[in-house]
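J.: Numbering (the UniProt record's numbering), first residue to last: 1 to 201.
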């Protein structure tokens, strides 16, 4: 009887060690997943930053079986990207859906983390008017607007996205519902706007 109790005591004593091992393994796994995008030498942002000026839109080639494109592509998606660096000032994004081709916009940090994602069905009239700012820029804009007339300061439909870090990129995704719509979609993509603005005074 005493031997059985002794074995039970030892087994119970091992439980904290087993839990510590499990939690340690989970913590290492999570940390590795979080660190991987920033450490990846061929991350989306690093490829864009190599030859895409800040505030300039680039139309990405359509994904094909021979050229699958980025991991977020599909054969019916037409993509445009715009890199930003908020140290030089806020960035304005504008795009309007035509009602026939679903449009979505996402704002991502340099490590790929998404800070905003929305579709045209969630915006007034299918129009995107996004201002990407840092926290300090947002505070400066609010302070400046407090000194202005409320009606003059209002920017109808503006969505402000406060980025926790200054570098990243915006991704426009336009969906073709049928084959043979490449020309229509390309014309709509040409109307996308990505423009750096002056820092708030």
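Backbone N, C-alpha and C fix where the C-beta goes; we use that ideal spot for every residue, glycine too. These figures come from a predicted structure and were not determined experimentally.
By a C-beta neighbour count over all protein chains shown, 10 Å radius and 16 as the cutoff for buried, is residue 122 buried or exposed?
T.: exposed
J.: Please return the same chain residues whose Cβ sits closer than 6 Å to the Cβ of residue 141, not counting the five positions on each side in sequence.
T.: If we look at residue 141 and ignore the five residues flanking it on each side, its Cβ neighbours are 200.
J.: Taking the C-alpha atoms as reference points, what is the distance between residue 167 and residue 193?
T.: A direct Cα-to-Cα measurement between residue 167 and residue 193 gives close to 18 Å.
J.: Excluding sequence positions up to five away, which residues of its chain have a Cβ less than 6 Å from the Cβ of residue 57?
T.: 80, 82, 192 and 194
J.: For residue 85, list the residues DSSP reports as bridge partners.
T.: The beta-bridge partner set that DSSP reports for residue 85 consists of 167.
J.: Straight-line CA distance for residue 164 to residue 174?
T.: 26 Å
J.: If you draw a straight line from the C-alpha of residue 92 to the C-alpha of residue 86, how long is it?
T.: 11 Å
J.: Which residue from 129, 100, 107 and 133 puts its Cα closest to that of residue 157?
T.: 129
J.: Starting from the C-beta of residue 171, find all residues in its chain whose C-beta is less than 6 Å away, skip the five residues before and the five after it, and write them out in chain order.
T.: 81 and 106
J.: Let me make sure I understand the geometry here. Which of 198, 52, 51 and 84 has the alpha-carbon closest to that of residue 110?
T.: Of all alpha-carbon atoms in 198, 52, 51 and 84, the one lying nearest the alpha-carbon of residue 110 is that of 84.
J.: Compare the Cα-Cα distances from residue 161 to each of 78, 176 and 116 and report the closest residue.
T.: Cα-wise, what sits closest to residue 161 is 116.
J.: So is residue 120 buried or exposed if we call it buried at 16+ other beta carbons inside 10 Å?
T.: buried
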